[in-house]
Structures are given as C-alpha cells and as structure tokens.
C-alpha cells in the first residue's frame, strides 16, 4: 500500500464537529493535512472557529445548514455533536473519516505515532468476513490468513462499509460507568481488526470512525439529539444500530479494532448522565427492536432500507415514547435531504460534482 | 485471582493425546505440574510413553479404551488426535484443558512466559457476552468494562463453557494455505479475549483448548477421524460446530483469543491435504447445515441437544456422504458411553467419583 499521505486524498473527506478552535489538528498535521476537511460548527454561529494554517477546509455553521437544507434542516441536531452528519451529506467524496476534536494521535506499543486514517483506509479497502468468525482476526492483514476450517467459498469476503476505531486513555464509557470508575484508563493496545459478525449489533462510537459513503452514507444519520430533544449521547449508537442492520441486509461488512486514537479528556459524567438518562431505559427496548428487525428483499438500496427502517421505528418504538415518532419522521427528512444534495440517475454525477 | 499454581488443581484435568514421549512437559512444569494429566496414547499400544518425573498422570492406550468402552469404543478414533475426547469422558473433573504435544510455552511481548492454563481458567471463570458485541473486548478483564451503549440488562453475561486459545509461530492453517504460504509464521500477539457472538460459527482448534466439562462436556466429541475413516483434521472443527450450536441454544458462552501457546512444528502439508481433501468439499455443506440448525425448546440438557443434533446430521448430511450416517450413529454411541461413565441422578455423584 502506498505512503499514507497519498492515500485516497481525492476520495476522502474528514468531518469534524466542533465548537472551538481546532488546535488539535496541529498534532495530526503529518497525517491529515493532505486531505480536505469539512468542519461542522455547532452552537453559536457568530463565533469564529480558527483552523491551523495550511489545512484545506470548508466550514458550515447553523446558518449555513438552515440555508442549505431549508425546512429540512430540522433533521440536523443542534448543540450536539450529532450535527456532524451534515458533513457526510454535503461531502462529494467516496470515503469519510470523522474524528472528535479532543482526540490526539495515539502511540503503538513501540512508541510510534499511529496514523489512524491510514489504518481506516486499509480496513475499508480490504473485505470483511461477516458470515464466519476467523480466530486470527482480519485474514487480509499482513501475516494473517484464514485458519483451518474456514470455508473456502467465504474467503472472498464482502465489501467493507464501516471501519470503527478505538480509543486509548479515556475509554468511551457511559455516565454510570464513568461515575463508578472515574480513574479507569484504557492502556491496552489490542493489535487486531475484526469483522463484527452478521446478526450481531455493537455500540458504534463516532469519535474515530471511517466509512464508505457510497456504500452506506445515507444510513449514517446521527438522529435528533441535544437542543430541544430529550436525549443526547446516543447519536452514534443510533447510527450504529441502523447501519449494522442495513449492512447485514445488503451484504456489507463492518470492522472494528485498529486504529486507536488518544482520547484526551473525559466529558463530565453528571452532564452525561442527564443526557443519557432516558437512553439507558430506552436502549433496553431499542436493541431487541433492532435485533429483530427484518428488511424486505425488495429494499436493495441504502435509502430504501433506511425509509423502511423508519417505518418500523414509528410502528414499534413509537409506543416507547413519542420521541421515536419524531425521530422516524426525521429519518425520512434526512433521506429526502440526502437525495436532494446527492442526486442520482443520468447526469447526476455531473450535477453533484462527482465528475472529474 | 490466586497464584496460578493453586488454581482449581482439584477441579481440572489436562488431557494430552500423544504417540511419543512427553518431553514437551518439561517446559510446562512450572505451570502444569500441580495438575492431574490424562494421557490418551494413540497408535501402537505396546509402545511405552515416557512422562517426565513428578507429573501425576493416568494413561490410556487403545487396549484400555477397548476394555473400558467395549463395543462402544467404536466411537473413539484411532490413529488421529481425535482420540483425545476419550480423556474428556473418563475425567471426573469440572474443567478440562487439552493441549497438543508440540505446543510450547509462548512469550508475551514483554518476553514473559505465558501461563496458558491460568488464562483459560480466567476465561472460564468470568462470564461471556454473546448477545451484543463489546468493542473493548472482554468487559470482565482488568482495565476494561462495557462501553457506552451496551445494554445494562446484558451486563451480567452468561456462563462461559469454552475457552479457545491461539498459537504463535506456526498458525493453524489448512493444507492448501500451508502449501501456498510455507514460511508464514504468526508473530502478532493480540492482547484480547472476546466472546464469539450468538449465531456465529468459528473454526475451533483443539491444540490449546479449555472447557467446562459440566456445562458442555458431552458435546465435546471429536468425531470419527483417522484409521478407517475417509477424513482427518476435522475432529476439532466438528466439535466446534456442535458445541457452538448447543451453547447458543442453552445460553452458554464461547470465548476466543488469549492464551497463546507456541506451536513448534508445522505438520506435513501433503499428508494434511490427503486427510483434509474430502473435508474441504464437505465443509461447504456442513457449515450451512450448522448455521441453519435449530434445536427444539425441550432439549434442555447437552445430551438431549447432542442426540437431537445427531438426528439432524443423519437427515440432512447423510445425503452428502454415507460417512455422515456413520458419524451420526457414533454421536449417539458417544452419548451412551458418556452417560455410562458419568451417571447422574441419586447416588451418581458418589458412583462416578465426584463426591468428596
């Protein structure tokens, strides 16, 4: 594989949600400067966000989102990092890497800085193996392969849609766990990438995430969180449950493991508890819902799958709380907005700027 | 957890199939000497197997197997390490650790010898999480926990029935992969243990394996392999598919990952190809069979599950090759022999020697 600084620079956008100056990018400069950034400014749009010199970027604040989406901007969360998904929608690239602004470059056990983006690209460019577990983890990595007993018919794998990276230092714990274990730090560097098997859900964290926008983009909706909503900190979880059900249906893969980033600062567990409170109850009903969700065979596009899922959310989760009715509607609005900004069909490639 | 040399010494047997002197135990002495060994001698019963001084062991050769099981000895393979499962049957202990005689003590990345048995015990004594994937791997390890978004109702986990360990140096490849990659060595020490999700099958290797005999023992049958059979090297695979389907049905967990052993010597790929040849074709039908297998709710014991599975094997795989009719019958014979040597009900604990 080519040197990291030249990998897919024309085909990948980096999406960063933020409310502050992006000083954290200084540390990432050797790895991220060759790429285009899409900055989604959350909160007060009159505030100026400083971006370190030399980075190529576009920045959208709330006024921009309202102007571009009009009434459909209601589907984009405010005062919550869930707003990042607006960046996925306006990107014209095939791949997205999204990262939080409190995430620094991790070191591997030998002390070498980890090029997280390079590893995400490796994960996304190699197939996934969702139908059977390989005990030596990702069989496509150097020095690994399929082990004895792995069916040969499954060794071609399936396209990888999502690469979920992990975090050293501050682990991604919920508020109750943060409260109980305030001093716990993740120091275990697990040198593995693996496919999450078909039929298995996982808690997808948005802090350090890569995905193939062409394969799964329209399902990467981070829901209604934050300002005016009864819940927060479930934006990435919601997206993770949706994308996993759709990837399973469409025969796409989701990988987790490497790369690590260094997560610098724990968020306030009391604030988090307030945001998560309802989610702690709701997830007990949401997860069985997603575990049981079946998509009809005629749903062959991500959009069709997502709209179908929105109907099932309304029907099955609407009973849990009226919030899910609103969310189901926002899922449809999101798809409408996505399709408006990303037209398909004859001439679409030209119209949406993808043509060279 | 207490010092390794005192962990469960009264509750665990080490089962070793072999055709040669057990010199390899010298290296394991600090870790394994406190335990009782069950040696299953394969091949010529007139040969004497030397066991290093100081080890407490019982040894069974083919004459012993024939004498103890009578006509039912037909279910125990000959001239194949599948014979090891006889050791599981005659053990009276709760836990089994089985290891091949070409496996040495591995070193962790810091150069410290890995106490494989201690890690298997840790794996078996902590719960498994088959219903939802935890991205920081085993949540019960020191320094780890359940991540944000993991349902609280699932954090109790389920009992762990099987601990599947891995191999540094010579990876457990099939003959075609051995032929293609003769020089590949596994040097990647992945510091992780994880639960194989419910509904997902995996290739279980018998080289370095721990399990809870009380929970899953009767399903740990290594099939008909070797002498007089059309196939070899699928003994552990067969057991792995069976135990996974039964663990999923009974709500038991299967973990894989740590501990590593150092696998010293690749077996001959040409010999292996001859043994595996039919299996390479058959596994393409066996795996969909196991993926689709459903056990009735009234199968609430391992024995009942296993006998039911044998019926399904006969019905569905008998068409693939008459071998599977024989195998299905051997599965029933195995359960009959197991139950004879391991009686249950009033007085059984006394009768089978488990009482203190």
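Chains as they are written, first to last, in my numbering: chain V, 1 to 356; chain X, 1001 to 1356.
The C-beta atom is built at its ideal place from N, Cα and C for all residues, glycine as well.
{"Asked": "Segment contact, 8 Å Cβ cut-off, at least three pairs: the segment 156 to 172 of chain V with the segment 284 to 296 of chain V", "Found": "no"}
{"Asked": "Cutoff 8 Å; reference residue 32 of chain V; Cβ partners in own chain excluding five residues on either side", "Found": "14, 25, 55 and 117"}
{"Asked": "Residue 258 of chain V versus residue 164 of chain V: straight-line alpha-carbon distance, rounded", "Found": "8 Å"}
{"Asked": "Residue 135 of chain V classed as buried or exposed, judged by whether at least 16 other C-beta atoms fall within 10 angstroms", "Found": "buried"}
{"Asked": "For residue 76 of chain V, the nearest candidate out of V/220, V/311 and V/249 (CA to CA)", "Found": "V/220"}
{"Asked": "Residue 242 of chain V in three-state terms, based on DSSP", "Found": "helix"}
{"Asked": "Contact list for residue 1181 of chain X against chain V, beta-carbon separation under 9 Å", "Found": "145"}
{"Asked": "Residue 4 of chain V versus residue 115 of chain V - alpha carbon distance", "Found": "Its pLDDT being 47, under 50, residue 4 of chain V is placed unreliably by the model, and nothing is read from it."}
{"Asked": "Cβ contact check for the segment 1183 to 1190 of chain X and the segment 135 to 146 of chain V: 3 or more pairs under 8 Å", "Found": "yes"}
{"Asked": "Within chain V, partners of residue 1133 of chain X - CB distance below 9 Å", "Found": "196, 197, 200, 201, 202, 203 and 256"}
{"Asked": "is_contact[residue 19 of chain V, chain X] using C-beta, thresh 8 Å", "Found": "no"}
{"Asked": "Per-residue DSSP class, three states only, for residue 149 of chain V", "Found": "coil"}
{"Asked": "Residue interval of the beta strand (DSSP E) (run including residue 1268 of chain X)", "Found": "Premise fails: residue 1268 of chain X is in no beta strand (DSSP E) and is neither H nor E."}
{"Asked": "Alpha-carbon spacing of residue 316 of chain V relative to residue 1017 of chain X, whole angstroms", "Found": "54 Å"}
{"Asked": "Test item: CB-CB of residue 335 of chain V and residue 210 of chain V under 8 Å", "Found": "no"}
{"Asked": "Residues that DSSP places opposite residue 358 of chain V in a beta bridge", "Found": "Residue 358 of chain V is absent from the model: chain V starts at 1 and stops at 356."}
{"Asked": "CB of residue 1129 of chain X within 8 Å of CB of residue 200 of chain V, strictly", "Found": "no"}
{"Asked": "C-beta neighbour in chain V for residue 1166 of chain X, strict 8 Å", "Found": "yes"}
{"Asked": "Option in X/1330, X/1080 and X/1293 with minimal Cα separation from residue 1043 of chain X", "Found": "X/1080"}
{"Asked": "Proximity to residue 1293 of chain X [Cα-Cα], best of X/1074, X/1313, X/1279 and X/1170", "Found": "X/1313"}
{"Asked": "Outcome for residue 53 of chain V when other beta-carbon atoms lying within 10 angstroms are tallied against a minimum of 16", "Found": "exposed"}
{"Asked": "Short Cβ contact (8 Å threshold) for residue 196 of chain V with residue 1133 of chain X", "Found": "yes"}
{"Asked": "Segments of 4+ residues assigned as alpha helix (DSSP H) that fall wholly inside the segment 1167 to 1204 of chain X", "Found": "1175 to 1180"}
{"Asked": "Residues bridged to residue 164 of chain V (per DSSP)", "Found": "V/209 and V/256"}
{"Asked": "Cβ of residue 1296 of chain X within 8 Å of any chain V Cβ", "Found": "no"}
{"Asked": "Beta strand (DSSP E) runs wholly inside the segment 1065 to 1144 of chain X, at least 3 long, in chain order", "Found": "1095 to 1099 and 1103 to 1105"}
{"Asked": "Residue 174 of chain V: contacting residues in chain X (beta-carbon distance under 9 Å)", "Found": "1146, 1147, 1148, 1149, 1150 and 1152"}
{"Asked": "Segment contact flag, the segment 1233 to 1241 of chain X with the segment 224 to 237 of chain V, C-beta cutoff 8 Å, min 3 pairs", "Found": "no"}
{"Asked": "C-beta contact flag for residue 1362 of chain X and residue 1083 of chain X at 8 Å", "Found": "What the structure shows of chain X is the stretch from 1001 to 1356, and residue 1362 of chain X is not part of that stretch, so it cannot be assessed."}
{"Asked": "For residue 1012 of chain X, the nearest candidate out of X/1255, X/1093, X/1109 and X/1034 (CA to CA)", "Found": "X/1093"}
{"Asked": "Interface residues of the segment 1270 to 1291 of chain X facing chain V [CB-CB below 7 Å]", "Found": "1280, 1283, 1284 and 1287"}
{"Asked": "Three-state secondary structure assigned by DSSP to residue 333 of chain V", "Found": "helix"}
{"Asked": "Continuous beta strand (DSSP E) stretch holding residue 58 of chain V: start and end", "Found": "56 to 60"}
{"Asked": "Neighbour list for residue 191 of chain V in chain X, Cβ cutoff strictly below 8 Å", "Found": "1188, 1189, 1190 and 1191"}
{"Asked": "Cβ-based burial, residue 1067 of chain X [other Cβ within 10 Å; buried from 16]", "Found": "exposed"}
{"Asked": "Residues near residue 72 of chain V in its chain [Cβ-Cβ closer than 7 Å; skip 5 each side]", "Found": "333, 336 and 337"}
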